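Residue numbers (the working numbering): 7 to 429. Ideal Cβ placement from N, Cα and C applies to all residues, glycine included. Predicted, not measured: the structure shown is a model, and the values here were computed from it.
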């Protein structure tokens, strides 16, 4: 027999709504298809169905909800059997004593214990949701890092080709006496550096891919080539809007708030230790007598009870302080991510709308001047190198912008692409 705890059925409904994807073990689960060339949405959907940490958080939640009926239930009744060995002439039945007893806590104790367990289960549910949003941010940030590395690899390859052409041109000029050995040596050194830059970028890709595949619970070398539109997502104009949203919706804060309530119920339960518990029993002694008994525990260990109350009260204060500290940390992180997102968006726009178009004009003008003998091939190379550097700078700032935006969405418990909807 267990005490009904208000809210338990609602929490179980939430649990069941999230659990369909985790019913089968991972190695037997039918996962959604994920093509080699996929989008952010494709990868996120796959991660939500495959990630091991999210699955672990779900079953931690399930464990917590199953503790509720355990904490809100009576102890099992006790059955006793006795047999009297005597020289007196008695039937076997009259020598037999049967008894059953049940420990009954003071009214309200079981319900309060169940409320403690339910708040812990609700906190576990919020931690599951927080794990999901943190997974969303981690997947997107790993995704954007891979996008940047692929872009940087392409730019490094263009830079290498540019230096190869320049070095070959200088070798030809050296053979005709139009260039000196020092110029050729410098060009070959630049060529070696360009080749090194490309190899460095190529070396960055396997660990970045492995990190993303780990979040997807896939082998580290599974091929994946990100496909993105590179459209900047709108950011809220006012900091207080995002701060209020994070304070209201952040799942980690909600989990900690549930833990505070659970500890408050634990304090209430500790205070009820002053109230006695009861034991009811019924005994049958053969055909001779029937006996009903009632016993109660006397809460005389006052020092122990007071210590339990003080411990529970300290637990409440500790949980409240941790919640307050985490609120401050999250608010500071929101400001940090907003600043990073806005500044990187500004810089990406500067590269895209001003610097790159201007350098493209310089490259075009330098090529035209080179064709008429007004500029050297070195001038053309330097102009193109500047263009490639600005293109890489734009790609890097877009990675920072998108990663910070993903972090903000997770802090505010918003699905991918929803931060721009904040008004």
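Query: Presumed contact (8 Å Cβ cut-off) between residue 357 and residue 321, rounded CB distance; Result: 53 Å between Cβ atoms; not a contact.
Query: Residue 200 vs residue 165 beta-carbon contact at 8 Å; Result: yes
Query: Cβ-based burial, residue 121 [other Cβ within 10 Å; buried from 16]; Result: buried
Query: Three-pair Cβ contact test at 8 Å for the stretch 140-154 versus the stretch 415-423; Result: yes
Query: For residue 68 and residue 151, the rounded distance between their alpha carbons; Result: 34 Å
Query: DSSP bridge partner residues for residue 299 (one or two, in chain order); Result: 287
Query: Cβ contact (3+ pairs, closer than 8 Å) linking the stretch 293-303 and the stretch 338-347; Result: no
Query: Residue ranges of each alpha helix (DSSP H) within the stretch 376-418, 4 or longer; Result: 383-417
Query: Residue 232, DSSP secondary structure in three states; Result: strand
Query: Of the residues 378, 324 and 316, the one placed nearest residue 273, counting alpha carbons only; Result: 316
Query: Among 24, 23, 98 and 119, nearest to residue 294 - alpha-carbon criterion; Result: 98
Query: Burial state of residue 379 (16 or more Cβ within 10 Å); Result: exposed
Query: Classification of residue 41 by the beta-carbon crowding that lies within 10 angstroms, buried from 16 upward; Result: exposed
Query: Whole-angstrom distance between residue 328 and residue 286, CA atom to CA atom; Result: 43 Å
Query: Nearest-angstrom Cα separation, counted from residue 108 out to residue 87; Result: 15 Å
Query: Separation of residue 422 from residue 348, as counted between CA atoms; Result: 18 Å
Query: C-beta contact flag for residue 409 and residue 147 at 8 Å; Result: yes
Query: Stretch-stretch touch, CB-based, cutoff 8 Å, three pairs: the stretch 123-139 with the stretch 244-259; Result: yes
Query: Candidates 106, 74 and 361: closest to residue 289 by CA position; Result: 106
Query: Delimiting residues of the beta strand (DSSP E) encompassing residue 107; Result: 102-110
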